[in-house]
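Heads up: the protein sequence lines correspond to chains R, S and C, in order.
Residue 1 is where the first sequence starts when you use the numbering used here, and the numbers rise one by one after that.
Residue 1001 is where the second sequence starts when you use the numbering used here, and the numbers rise one by one after that.
Residue 2001 is where the third sequence starts when you use the numbering used here, and the numbers rise one by one after that.
Right, one structure below, let's go through it.
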Amino acid sequence: MSTRLQQLVERLGGQLIGDACTEVVGIAPLDSADASHVTFLSNPKLRAQAAQTKAAALILSPADDAAIGEAYNGVRIVTSNPYAYFARVAQFFAELAAIPVAPGIHPSASVHPDARIDPGAYIGPHVTIDASADIADGAVIDAGCFIGRGAKVGIRTHFFANVCFHAGCEIGERGIIHSGAVIGADGFGFANDKGEWVKIPQTGRVVIGNDVEIGASTTIDRGTLADTIIEDDVKLDNQIHIGHNCHIGAHTAMAGCVGVAGSAKIGKYCTFGGAAMVLGQLTIVDNVHISAASMVSRSILEPGHYTGFYPLAKNADWEKSAAIVRNLGTMREKIRELEKTIKTLTEKK
Amino acid sequence: MSTRLQQLVERLGGQLIGDACTEVVGIAPLDSADASHVTFLSNPKLRAQAAQTKAAALILSPADDAAIGEAYNGVRIVTSNPYAYFARVAQFFAELAAIPVAPGIHPSASVHPDARIDPGAYIGPHVTIDASADIADGAVIDAGCFIGRGAKVGIRTHFFANVCFHAGCEIGERGIIHSGAVIGADGFGFANDKGEWVKIPQTGRVVIGNDVEIGASTTIDRGTLADTIIEDDVKLDNQIHIGHNCHIGAHTAMAGCVGVAGSAKIGKYCTFGGAAMVLGQLTIVDNVHISAASMVSRSILEPGHYTGFYPLAKNADWEKSAAIVRNLGTMREKIRELEKTIKTLTEKK
Amino acid sequence: MSTRLQQLVERLGGQLIGDACTEVVGIAPLDSADASHVTFLSNPKLRAQAAQTKAAALILSPADDAAIGEAYNGVRIVTSNPYAYFARVAQFFAELAAIPVAPGIHPSASVHPDARIDPGAYIGPHVTIDASADIADGAVIDAGCFIGRGAKVGIRTHFFANVCFHAGCEIGERGIIHSGAVIGADGFGFANDKGEWVKIPQTGRVVIGNDVEIGASTTIDRGTLADTIIEDDVKLDNQIHIGHNCHIGAHTAMAGCVGVAGSAKIGKYCTFGGAAMVLGQLTIVDNVHISAASMVSRSILEPGHYTGFYPLAKNADWEKSAAIVRNLGTMREKIRELEKTIKTLTEKK
């Protein structure tokens, strides 16, 4: 299925320079694109490569267009954010290629008679839906998912195979939950009584906004008394753990393997690198960026970029530096003694 | 459903001061409780807030009662461990609110004819139970679970949806396994033969005691020849990995994302913060507490609290400190030279 | 079922010294083996123990045989790699004990009419197989698995229960994927447009070679435009995350909880300790070994052993060293001042 560039620009905006009737069939990187592709330049370091690309059309910024637009032979689409424009063009082609899902309930699914399934929703094979659950129009619940009692899934939200979405939890519209994710398992709450653990029932829910994407095997625990909250447009990668009663602000994104302990309050527009860890009951304000593999052990009340991981080295070098790190107190003591001795020497003069 | 305070105290003990006939419907935190709630004071810093709470009843310690008991208008329940008492009251109300599960096997479940399912057990939709498995009275196996050949599930143990519990594994009574957990996958065992990996069959089991709770997406591998052992009252949060042939002592608790490599032997009454890591074949004695994000690379033979993570800083500051950490050997050398020079200077005098 | 030692040596090679007709029923460690077992010595430190073992037969290297062969009473099997030999003997006994899986499609499975299931394959209960998928001879797809549209599973590859293998993905022969693993979920790709995230469709695949083993709850994301590639004989433990467009070279092994961000290119014959992390778009050459809990933040272009984690200490000691690490800049400054002062002092002389 080919598309005229004009169609893209009508839908997505941008200034088209060249033949609007040019037809393209998809998107490809600068170096592998051919005359049937659109490509994009989002990194100015690749200007020279972009000028030489064989793509039929090039998405680029005004500044890049000023620099290399003339040198490039194809059609240009000039836009302030070429990377976001590329994403939307890719969405356009992905929608064209998508195989439509016919609404309906697969005969092998096990749906409680008190559940409400919108006629426009799809329920796949071997799905289980418990009493009072509510699945909205356009929702897609793939094979093997479990939806607990009273849970709510919003319009056009898509659960991939084998997602568990437990009792009472809610997700808004246009969400995506990937396979193996578990939403609404019990939070980790125990009181200790003379060495033995007494379970604290976890009766809160997980409440998720619109446009949220949750990665494969990610787990978000239900709250103890109050709810765990994930605001709109939050994006969570795979293998993430979000503890009970956390609150994650809108537009915040976390890369794979991040862990957030219970009752952490994280602001909007934050980003977390892979395997970053956040202790419980902390506050992190808006616009905080945490590097991968860094441990947040105190609240962060000032926006900015924070890091904390031990630098990698050849093992032999690391062994030396680690041995010194263990004895930094001794090193500091030596410096103090040197300072004293020198002070004495200087004063003697 | 409301309950008289007298009923709570008869069941759970504690000294009731005030009207034992007061009725309550649930539990709530100090600041949001109203006249229908019980609340609790477990942190002396919140005494002032507790004195002002609108709750019908307040659970508190003798010391806190001496300090603010008179100032508070409602009924007091005095007990040595208010937090554990709160947990038990919450359990009481959660049981009242629980929807009972009717025993029986869902018609869509696939149960091998040689499996033994107690008539008091519940087997949910799309569950698979293999030959010779044994499911005890009161056990609840939710939708989509897999129970392997010869596996045993004890009385009143609850598997949430989509748990895998592989061949030969055993769990005792009153256990809870959350969704997505995988118990008894093969341990990671390979011999290397000129660069190629030769799989070592994993023929041990996972044997789990009573009162164990295992979090969502947590994995516990089966042993190579001997078994992997999880003793009574162990509590594991989500996304934890326990390698083959580990032995985890009773009452030990691990927060989310912890990893324990093969053949580690961990004592009783230990706690592990989130994302702590333990190398294989180590011994950790009883009563050891490991901070979050800390790496245990040697055996710990003395009880205590251990930590090892790089402190978080603004990225620019971290870059400076990390560069120095990489070159600590140089710094130590400089100090040694300074010491020599000063020694010479001093001796000259 | 007992086996003559001769049978083992005919199949696996090695030099047999003693009675080839001796019968054994299995393998056991040095200290627990009895007259019905084969055992092995792979660590020269255990020579004394090996000389005393009650096993019927001992697998050992020529050097160890020279040292203790005479002292040991049983049959010896001398081979250059006793540990690999042990693994193969264990495989031999595991195959003897294995309960054969009868090919066929369980009646509760949901198989699309356009899927191709080889008559020699086994499809378990509650499995879902989408259109155009291709399952080869001898493949075993256990209960609750999901196989997406057009996915391909090679000869004798085994998926344990509840694996998700998404549309278009491929795995070769003799592979093993453990329960809860998710292959081919969307990569984590978003463009940011004024604070909002625009999803980049993930239209690549995951392509996996022969003899690959993938652990429980491990996730491997599909590529954005190109594919994510896992070469032959790669071994991945549990709870690992491999981002989109990664390329992992043959014979590389990763222990549990490792995370690899998108587009990392990792060589052959590498090993990664548990919870090691690799940033995206890096290159790691062949024969690199990363210690557990270490963060790879730059490309590694030289083979070797690399480490980077903060050494564990008693919490009080860690607090001291961490405080100094935070202020290493100050310490360096003090040393510079000392050097200047001393230079002045020395020059004055």
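Glycine residues also receive a C-beta, built at the ideal position from the N, C-alpha and C atoms.
Proximal residues of chain C, C-beta to C-beta of C257/R below 7 Å: Start at 1 with the first residue of the first sequence, and residue 257/R comes out as number 257. Those within 7 Å of C257/R in chain C are H2241, G2259.
K199/R - containing alpha helix (DSSP H), residue span: Taking the first residue of the first sequence as position 1, residue 199/R is located at position 199. K199/R -> not in any alpha helix (DSSP H); beta strand (DSSP E) instead, spanning 196 to 199.
Boundaries of the beta strand (DSSP E) in which V2207/C is found, first to last residue: Translated into positions along the third sequence, residue 2207/C becomes position 207. First-last of the beta strand (DSSP E) with V2207/C: 2206 to 2208.
Residues that DSSP places opposite C2164/C in a beta bridge: Taking the first residue of the third sequence as position 1, residue 2164/C is located at position 164. C2164/C pairs with F2146/C, V2182/C.
Contained beta strand (DSSP E) runs [length at least 3] in the stretch 1294 to 1323 of chain S, N- to C-terminal order: 1304 to 1307
Outcome for C21/R when other beta-carbon atoms lying within 10 angstroms are tallied against a minimum of 16: Here the question's residue 21/R lines up with position 21 in the first sequence. Exposed: under 16 other Cβ atoms inside 10 Å.
Within chain S, partners of E196/R - CB distance below 7 Å: Against the first sequence, residue 196/R aligns to sequence position 196. By Cβ distance, chain S contributes D1233, H1251.
Sequence-distant residues of its chain with Cβ nearer than 6 Å to E2023/C (five each side left out): Translated into positions along the third sequence, residue 2023/C becomes position 23. Excluding positions up to five away in sequence, the list reads S2002, R2004.
Start and end residues, beta strand (DSSP E) containing Q15/R: Your numbering for residue 15/R matches position 15 in the first sequence. Taken as a continuous stretch (DSSP letters only), the beta strand (DSSP E) holding Q15/R covers 15 to 17.
Beta-bridge partners of I2117/C, as assigned by DSSP: Taking the third sequence and counting its residues from 1, one reaches residue 2117/C at position 117. In the DSSP output, where bridge partners are listed per residue, I2117/C has I2135/C.
K2152/C classed as buried or exposed, judged by whether at least 16 other C-beta atoms fall within 10 angstroms: Here the question's residue 2152/C lines up with position 152 in the third sequence. By the neighbour-count rule (16 or more Cβ atoms within 10 Å), K2152/C is buried.
Proximity below 8 Å, CB of F2159/C to CB of D2134/C: Reading the third sequence from its first residue, position 159 is the one you call residue 2159/C. Reading the third sequence from its first residue, position 134 is the one you call residue 2134/C. Not a contact, by the Cβ cut-off of 8 Å.
Nearest residue (CA-CA) to E213/R, options I2266/C, G2187/C, P2303/C: Locating residue 213/R in the first sequence gives position 213, where the first residue counts as 1. When each option's Cα is compared against that of E213/R, the closest is G2187/C.
Strand pairing of T128/R, partner residues [DSSP]: As a first step, residue 128/R must be located in the first sequence, where it is residue number 128. DSSP, once it has assigned bridges, lists S110/R, F146/R as partnering T128/R.
Coil, strand or helix - V2285/C by DSSP: Counting from one through the third sequence, the residue named residue 2285/C turns up at place 285. The answer is coil: DSSP assigns V2285/C none of H, G, I, E or B.
The stretch 2074 to 2087 of chain C contacting the stretch 2045 to 2059 of chain C, beta-carbon criterion three pairs below 8 Å: yes
Proximal residues, the stretch 2104 to 2130 of chain C versus chain S, C-beta separation under 8 Å: H2106, S2108, G2124, P2125, H2126
Beta-carbon proximity of V2206/C to C2257/C, cut-off 8 Å: As a first step, residue 2206/C must be located in the third sequence, where it is residue number 206. As a first step, residue 2257/C must be located in the third sequence, where it is residue number 257. No.
Contact with chain R by P2100/C, beta-carbon distance below 8 Å: Counted from its first residue, the third sequence places residue 2100/C at position 100. Closer than 8 Å: no.
Chain C within 8 Å of Q91/R, Cβ atoms only: Stepping through the first sequence from its first residue, residue 91/R is reached at position 91. Yes, its Cβ sits closer than 8 Å to a Cβ of chain C.
Amino acids of chain C, ordered along the chain, whose beta-carbon sits closer than 7 Å to that of A57/R: As a working mapping, residue 57/R is identified with position 57 in the first sequence. Those within 7 Å of A57/R in chain C number zero; the least Cβ separation is about 16 Å.
Assumed close pair E1173/S, R1156/S - CB separation to whole angstroms, cut-off 8 Å: Translated into the one-based positions of the second sequence, residue 1173/S becomes position 173. Translated into the one-based positions of the second sequence, residue 1156/S becomes position 156. The Cβ separation is near 6 Å, so the contact holds.
Neighbour list for L2338/C in chain S, Cβ cutoff strictly below 7 Å: Translated into positions along the third sequence, residue 2338/C becomes position 338. Within 7 Å Cβ-Cβ: L1338.
Short CB-CB distance (under 8 Å) between P44/R and chain C: The count along the first sequence starts at 1 and reaches residue 44/R at position 44. Taking Cβ atoms only, chain C never reaches closer than 8 Å to P44/R, which makes this a no.
Among H2037/C, D2064/C, K2054/C, nearest to N2043/C - alpha-carbon criterion: Against the third sequence, residue 2043/C aligns to sequence position 43. Checking every option, the nearest Cα to that of N2043/C belongs to D2064/C.
Reference L1385/S, options K1268/S, D1317/S, E1319/S, R1332/S, closest by Cα: Residue 1385/S lies beyond the stretch modelled for chain S, which goes from 1001 to 1349, so this question has no answer here.
Short Cβ contact (8 Å threshold) for N1245/S with G1273/S: Along the second sequence, one-based indexing puts residue 1245/S at 245. Along the second sequence, one-based indexing puts residue 1273/S at 273. Contact: no.
Boundaries of the alpha helix (DSSP H) in which T2344/C is found, first to last residue: The residue labelled residue 2344/C in the question sits at position 344 within the third sequence. Counting along the chain, the alpha helix (DSSP H) containing T2344/C begins and ends at 2328 to 2348.
Reduced DSSP secondary structure (H/G/I, E/B, other) of I2068/C: The sequence position of residue 2068/C within the third sequence is 68, counting from 1. Three-state result, I2068/C: helix.
Nearest residue (CA-CA) to A1051/S, options A1035/S, Y1072/S, S1032/S, R1011/S: Against the second sequence, residue 1051/S aligns to sequence position 51. When each option's Cα is compared against that of A1051/S, the closest is Y1072/S.
Bridge partner(s) assigned by DSSP for E170/R: The sequence position of residue 170/R within the first sequence is 170, counting from 1. According to DSSP, which records beta bridges pairwise, E170/R is partnered with K152/R, V207/R.
Identity of the residues DSSP links to T219/R by a beta bridge: Your numbering for residue 219/R matches position 219 in the first sequence. In the DSSP output, where bridge partners are listed per residue, T219/R has V182/R, H241/R.
Closest Cα partner of Q1015/S within the set Y1085/S, V1285/S, I1027/S: Within the second sequence, numbered from 1, the residue matching residue 1015/S stands at position 15. Among Y1085/S, V1285/S, I1027/S, the Cα nearest to that of Q1015/S is on Y1085/S.
C-beta neighbour in chain S for R2011/C, strict 8 Å: In the third sequence, residue 2011/C corresponds to position 11, counting from 1. No, because no Cβ of chain S sits closer than 8 Å to the Cβ of R2011/C.
Sequence-distant residues of the same chain with beta carbon closer than 7 Å to L46/R, five excluded per side: Indexing the first sequence from 1 puts residue 46/R at position 46. Excluding positions up to five away in sequence, the list reads L30.
CB of P2125/C within 8 Å of CB of S1110/S, strictly: For the purposes of this step, residue 2125/C is taken as the residue at position 125 of the third sequence. For the purposes of this step, residue 1110/S is taken as the residue at position 110 of the second sequence. The answer is yes: Cβ separation under 8 Å.
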